[in-house]
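In what follows, a single structure is set out as structure tokens and then discussed.
In my numbering, the protein residues as written are 10 to 426.
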């Protein structure tokens with residue numbers, strides 16, 4: 010600065026004009042240096058860094074470049090030059106330092122936020138991120154950075170110690186608690202969800218209260234994002250998963266078996282004792298050969314031992330078509346390649362009602378995929394409906410309009426029977 014003033018003084022200029030011109034020259038010089046430094050940083054240094062990043066064997070540094078951490082960091086170079094040049098202009102030194110300092114604080118915050126985003130993206134590239142998501146914690150740190158950054162900016166502008174501003178915020182604690190209520194609740198919920206492993210990204214959860222039934226695709230500080238099976242998105246408050254109950258189907262997926270619990274309704278008027286002809290036919294069925302022979306021998310031995318009068322079928326023990334039918338279904342499922350044989354498998358009768366006698370299948374498929382599961386279940390019941398008449402059984406069905414029309418057209422109906 011003194012060199013420029015001496016050079017201008019040699020031209021016989023007034024002191025006031027020398028002051029204006031020297032300031033203008035220094036401003037132009039600092040601006041040119043800042044622009045040049047910014048150009049070198051962005052066009053040369055950044056390109057070298059990106060070239061190194063793209064040509065090494067690591068992937069995490071590519072994410073840092075994608076999140077523009079280095080681009081944001083380059084904004085500090087001109088600000089540092091301007092801040093360092095502030096003493097050249099004593100009357101405006103404090104103003105320049107405050108402006109440049111505020112800019113550097115904001116840029117530093119942007120760099121730290123970008124670093125956090127990069128760290129989150131790097132972490133989510135690992136499988137452990139689905140088990141232990143950290144996005145909620147990242148958001149807490151971001152809020153903390155924004156608050157601290159705002160306090161530092163304000164303290165820099167007013168020239169006060171940041172601790173003084175922090176102490177003043179104590180009086181506003183109630184207001185701050187109200188403002189950050191959801192974030193605080195979300196943080197507490199996030200810690201509990203993570204520590205207790207209650208939900209992960211990719212889990213199928215069901216929460217009827219919020220009409221949520223689908224896969225978890227994201228877990229943040231305040232919300233859990235669920236993609237429903239109808240492709241809609243439901244946003245659940247994180248703390249709702251702690252305060253309310255929800256169903257997580259992960260256990261089913263981990264166990265490797267999905268439950269079938271469905272009933273076949275038998276018309277009770279078709280249930281009866283097995284005739285000799287029926288028993289002979291049942292012995293020809295692969296799954297029933299041993300069972301029928303064993304049961305017939307057991308029943309005959311019992312009836313002979315107790316001297317049962319077999320002239321009436323009511324006396325003694327008899328095979329029933331519903332009992333043989335139930336055993337057939339059980340053996341059919343035992344030999345089914347898509348039924349999990351290490352899990353519960355029951356074919357049972359439930360209490361009869363207006364819709365006949367329910368014969369319930371309680372079993373597990375060995376494939377939990379929805380499409381495959383539904384296909385297996387449908388195939389099983391297709392077979393059951395098809396073979397029921399072989400056992401002399403009829404599936405129960407309420408009369409339809411077609412049944413009523415057929416009844417009216419029958420000769421018995423026309424004769425008034």
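Quick reminder that beta carbons are idealized off the backbone N, C-alpha and C, glycines included. Everything numeric in this text was worked out from a predicted model, so none of it was measured.
On the criterion of 16 or more Cβ atoms from any shown chain inside 10 Å, does residue i qualify as buried, or is it exposed?
i: residue 240; result: exposed
i: residue 374; result: buried
i: residue 330; result: buried
i: residue 248; result: buried
i: residue 297; result: buried
i: residue 426; result: Reliability fails at residue 426, whose pLDDT of 49 lies under 50, so the model's placement of it is uncertain and the value that follows must be treated cautiously. When all chains shown are included, residue 426 counts as exposed.
i: residue 366; result: buried
i: residue 315; result: exposed
i: residue 413; result: exposed
i: residue 418; result: exposed
i: residue 349; result: buried
i: residue 221; result: buried
i: residue 37; result: exposed
i: residue 109; result: buried
Among the candidates the options, whose CA atom is the shortest distance from the CA of residue i?
i: residue 358; options: 351, 370, 347 and 348; result: 370
i: residue 230; options: 237, 256, 223 and 201; result: 201
i: residue 146; options: 136, 158, 159 and 132; result: 132
i: residue 295; options: 333, 326 and 317; result: 333
i: residue 215; options: 250, 87, 227 and 184; result: 250
i: residue 258; options: 227, 283, 379 and 323; result: 379
i: residue 151; options: 172, 136 and 128; result: 128
i: residue 92; options: 112, 73 and 415; result: 112
i: residue 387; options: 417, 347, 418 and 356; result: 347
i: residue 71; options: 186, 59 and 90; result: 59
i: residue 97; options: 35, 156 and 351; result: 35
i: residue 319; options: 284, 303 and 410; result: 284
i: residue 264; options: 352, 385 and 397; result: 352
i: residue 126; options: 313, 172 and 149; result: 149
i: residue 174; options: 384, 190 and 156; result: 156
Please confirm whether residue i and residue j have their CB atoms less than 8 Å apart.
i: residue 77; j: residue 130; result: no
i: residue 267; j: residue 341; result: no
i: residue 274; j: residue 400; result: no
i: residue 232; j: residue 217; result: no
i: residue 55; j: residue 94; result: no
i: residue 256; j: residue 209; result: no
i: residue 207; j: residue 377; result: no
i: residue 88; j: residue 62; result: no
i: residue 272; j: residue 356; result: no
i: residue 282; j: residue 327; result: yes
i: residue 170; j: residue 107; result: no
i: residue 338; j: residue 325; result: no
i: residue 122; j: residue 154; result: yes
i: residue 228; j: residue 236; result: no
i: residue 161; j: residue 105; result: no
i: residue 279; j: residue 403; result: yes
i: residue 186; j: residue 158; result: no
i: residue 50; j: residue 74; result: no
i: residue 213; j: residue 199; result: no
i: residue 90; j: residue 163; result: no
i: residue 269; j: residue 372; result: yes
i: residue 301; j: residue 288; result: yes
What three-state label does DSSP hand residue i in the structure shown?
i: residue 364; result: coil
i: residue 426; result: In this prediction, residue 426 scores a pLDDT of 49, lower than 50, which makes its location untrustworthy; the coordinate-derived value is nonetheless stated afterwards. Reduced to three states, the DSSP call for residue 426 is coil.
i: residue 375; result: coil
i: residue 158; result: helix
i: residue 223; result: strand
i: residue 116; result: helix
i: residue 238; result: coil
i: residue 247; result: coil
i: residue 208; result: coil
i: residue 319; result: coil
i: residue 279; result: helix
i: residue 77; result: coil
i: residue 50; result: helix
i: residue 67; result: coil
i: residue 136; result: coil
i: residue 274; result: strand
i: residue 256; result: strand
i: residue 357; result: strand
i: residue 287; result: helix
i: residue 399; result: helix
i: residue 352; result: coil
i: residue 294; result: coil
i: residue 268; result: strand
i: residue 228; result: strand
i: residue 202; result: helix
Does chain B have any CB closer than 8 Å to the CB of residue i?
i: residue 332; result: Considering every chain present, this structure includes no chain B. It has just one protein chain.
Cβ contact check for the stretch 186–206 and the stretch 138–153: 3 or more pairs under 8 Å: yes
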